[in-house]
Amino acid sequence: MQAPASILRNLKIGTDICNVQRIYDLLTQNNGRLGRRFAEKILVAQERNDERAKVRLSVLGDAKGLMCAGWDSPGTRSNASAKDSSLSLTRTQASEMMRTAEFLAGRFAAKEAAIKAHHDRRLTFQDIWIRKRPTAPGRSGAPEAVIRGEDGSWEGGEARVVPVSVSHDGGVAQAVCMAEE
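Just so it is clear: in the sequence shown, position 121 is 121 by the numbering used here, and no numbers are missing.
Next up, the structure:
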């Protein structure tokens, strides 16, 4: 008798968890410059240009295309003392910064999960685009990961779209990504 074929044989799953406070601390250190660099490192241009992401990223100031009126430009320190280069934020700014930290922690966890699910490839954060699945107008789609093809394309060619799930609770962002060989 032959063993039944497993439908899961070619399925790969990656998961990751990220502490939101860790990302918040990163965003507010060094007068916010580390946060801008972190966002540039983990987000591809399509993610940074998404309207919802622009709102989240606006609190990071204006470096490398991340724009926000009312925040110090890179190199100024009016919000921080000479001894402590952490940002000194109002309650509203701190709340917005925490929402940005949650957003970036979710993206970080989703990309790490995608990298783990595609362990046979040498993916970087810049090879993965987390986007909302296209839906009917006025509705928000579930997230999905677009994996850049080895030919460098985001659409068609060797690019792949895979499901990803991101959750935020208790100060952590957790993500799961599925891939098929």
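Ideal Cβ positions, reconstructed from N, Cα and C, are used throughout, including at glycine. For clarity, every value in this text was computed on a predicted model and none was experimentally measured.
CA-to-CA distance, residue j to residue i, given in whole angstroms
| i | j | result |
| --- | --- | --- |
| Ala45 | Leu57 | 12 Å |
| Ala105 | Pro137 | 27 Å |
| Arg48 | Glu180 | 28 Å |
| Pro74 | Leu34 | A caution first: Pro74 carries a pLDDT of 37, below 50, which makes its placement in the model too unreliable to give a value. |
| Asp25 | Arg133 | 30 Å |
| Gln174 | Ile23 | 13 Å |
| Leu11 | Asp169 | 27 Å |
| Arg9 | Glu40 | 36 Å |
| Ala101 | Gly61 | 14 Å |
| Gly65 | Val55 | Low confidence applies to Gly65: its pLDDT is 38, below 50, so where it sits in the model is not reliable, and the reading given next is rough at best. Each residue's Cα considered, the two are about 13 Å apart. |
Beta-bridge pairing of residue i - partner residues as DSSP gives them
| i | result |
| --- | --- |
| Ile115 | BP columns for Ile115 are empty, so no partner. |
| Lys132 | Pro143 |
| Ile190 | No information on residue 190 is available, as it lies outside the stretch 1 to 181 that the chain covers here. |
| Asn169 | In the sequence under discussion, the amino acid at residue 169 is Asp, which differs from the Asn named in the question. Val172. |
| Val104 | Before going on, a small fix: residue 104 reads as Leu here, not Val. Leu104 is not bridged to any residue. |
| Pro163 | Glu144 |
| Glu51 | Bridge partners of Glu51: none, in fact. |
| Leu11 | Glu180 |
Minimum C-alpha distance to residue i - residue among the options
| i | options | result |
| --- | --- | --- |
| Arg36 | Thr90, Met97 and Leu89 | Met97 |
| Glu51 | Asp127, Val20 and Ser140 | Ser140 |
| Phe125 | Phe38, Gly157 and Ile17 | Phe38 |
Beta-carbon spacing of residue i, residue j below 8 Å
| i | j | result |
| --- | --- | --- |
| Ile130 | Lys111 | yes |
| Cys177 | Ala145 | yes |
| His118 | Ile147 | yes |
| Val166 | Ala114 | no |
| Arg121 | Leu43 | no |
Any C-beta of chain E under 8 Å from that of residue i
| i | result |
| --- | --- |
| Ile23 | This model lacks chain E altogether, as it is built from one protein chain only. |
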